[in-house]
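The number in the working numbering is simply the position in the sequence shown, starting from 1, with 190 added.
For glycine and all other residues, C-beta sits at the position ideal for the given N, C-alpha and C.
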Amino acid sequence: MINNLSINKSSEGAPLLVNKRVYTNKEISNEIRKLEGFEYQANNIETCGTVEIYYRCGCGIIEIFRTCKYRICPHCSPRRSNTIHRTYFNPLKKHKIARSVFDSGLRLVTLTQRSKDSLLDGIISLHKYLKKLKERKYFKNFIFGGIGVIEVTKSNNKWHVHMHLIVDSRYLDMKHKPGEDSKFVKEWKKVTGGDCIVYVNRVYSHKGALNYVLKYITKTNSNLTLEDTSIYFKETFRKRLVFTFGSLYNIIEKIEKVCRVCHEKFSYIDSSHITELGWEYKIINPHKKGDP
Numbered sequence: 191m192i193n194n195l196s197i198n199k200s201s202e203g204a205p206l207l208v209n210k211r212v213y214t215n216k217e218i219s220n221e222i223r224k225l226e227g228f229e230y231q232a233n234n235i236e237t238c239g240t241v242e243i244y245y246r247c248g249c250g251i252i253e254i255f256r257t258c259k260y261r262i263c264p265h266c267s268p269r270r271s272n273t274i275h276r277t278y279f280n281p282l283k284k285h286k287i288a289r290s291v292f293d294s295g296l297r298l299v300t301l302t303q304r305s306k307d308s309l310l311d312g313i314i315s316l317h318k319y320l321k322k323l324k325e326r327k328y329f330k331n332f333i334f335g336g337i338g339v340i341e342v343t344k345s346n347n348k349w350h351v352h353m354h355l356i357v358d359s360r361y362l363d364m365k366h367k368p369g370e371d372s373k374f375v376k377e378w379k380k381v382t383g384g385d386c387i388v389y390v391n392r393v394y395s396h397k398g399a400l401n402y403v404l405k406y407i408t409k410t411n412s413n414l415t416l417e418d419t420s421i422y423f424k425e426t427f428r429k430r431l432v433f434t435f436g437s438l439y440n441i442i443e444k445i446e447k448v449c450r451v452c453h454e455k456f457s458y459i460d461s462s463h464i465t466e467l468g469w470e471y472k473i474i475n476p477h478k479k480g481d482p
């Protein structure tokens, strides 16, 4: 493909969770146990949503279920995405949206690379290419910052690792002569060393843009086999797949856990202490379990 840069109306209003095949926690945990040194994580996934823990607020003692918070968990994955959305939404609203091709503001950008035999190699190389791109004069002059999400897919026994970004930028050069690449595509090809695809899409709303990039956190789980899911978990465990840089670096809003009824902060209570006080049958719970 000569020109890999295009502008299309994005599907930024897509739902956060897109599922084709969701494996059960039991199926996932059994596969994770085959990995050396991941027995503890496998147990957490298997027992996710089954172990009761307790918090205190102005309403009394609140009983909820403990969750594993892993990105491959079918219960926790969409919650992770929603939590990240709440964390970034209000700070992102302070940045204006580019209302035309030539306007400065927020845009959606997708950057790809060649597929790899190793998932870990794909993640490492993608971060390396982005670092090189940020050092180039074109990037420094036109892109001020961004929020990025790494998406992982697999086809033909190859791992395809690429990133979706919300960037705060000036006009990104999309014009090209017949038979030539646009400037942005040329810059990305120089750092990746060849075949790649670059897309630039318009942002229509702050909420829609966040929905668009964060849906790929949960979408990955439905695109992989059970065996590949365990590999994905191993290679991405304790690695950040959502990142920020430049003018959007670390733009997060701290979300405190407060009771939606009395609006007081939650404080953790050890279950043994509740038993000692004889409160096991006197729990006040005006909340839905699992959602304090």
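Alpha helix (DSSP H) segment containing residue i, residue limits
i      : result
LEU298 : LEU298 -> not in any alpha helix (DSSP H); beta strand (DSSP E) instead, spanning 295 to 301.
THR382 : 373 to 382
GLY312 : 309 to 324
ASN234 : 229 to 236
TYR422 : 416 to 426
ASN220 : 215 to 222
TYR278 : 266 to 282
Per DSSP, cross-strand counterpart(s) of residue i
i      : result
CYS247 : GLY250
GLU341 : HIS352
SER359 : GLY295 and ILE333
ILE287 : LEU296
GLU242 : PHE255
Nearest residue (CA-CA) to residue i, options the options
i      : options                           : result
VAL342 : ILE313, TYR319, LYS379 and TYR361 : ILE313
THR273 : VAL432, TYR361, MET353 and PHE374 : VAL432
LYS283 : ILE445, TYR394 and ASP418         : TYR394
GLU253 : LYS259, CYS247, ARG261 and ILE243 : ILE243
ALA288 : PHE427, CYS449, HIS396 and TYR213 : HIS396
ARG270 : LYS409, PHE334, GLU221 and GLY295 : LYS409
ILE262 : GLY398, LYS447, LYS379 and LYS216 : LYS216
Helix, strand or coil at residue i [DSSP, three-state]
i      : result
TYR389 : strand
LYS199 : Note on LYS199: pLDDT 38, under 50, position unreliable in the model; no value is reported.
ARG398 : The amino acid occupying residue 398 in the given sequence is Gly; Arg does not appear at that position. GLY398: helix per DSSP, three-state reduction.
GLU454 : coil
VAL212 : coil
LYS444 : coil
LYS306 : strand
ARG429 : Residue identity differs from the one stated: residue 429 is Lys in this sequence, not Arg. Of the three classes helix, strand and coil, the one that applies to LYS429 here is coil, per DSSP.
LEU404 : helix
TYR328 : helix
ILE262 : coil
Boundaries of the beta strand (DSSP E) in which residue i is found, first to last residue
i      : result
LEU458 : The sequence shown places Tyr at residue 458, rather than the Leu named in the question. Note, TYR458: beta strand (DSSP E), 457 to 459.
THR434 : 432 to 436
CB contact flag (residue i, residue j, <9 Å)
i      : j      : result
TYR328 : ILE441 : no
TYR245 : ILE459 : yes
VAL299 : TYR361 : no
CYS449 : CYS249 : yes
GLN231 : PHE423 : yes
LEU404 : VAL339 : yes
GLU443 : PRO281 : yes
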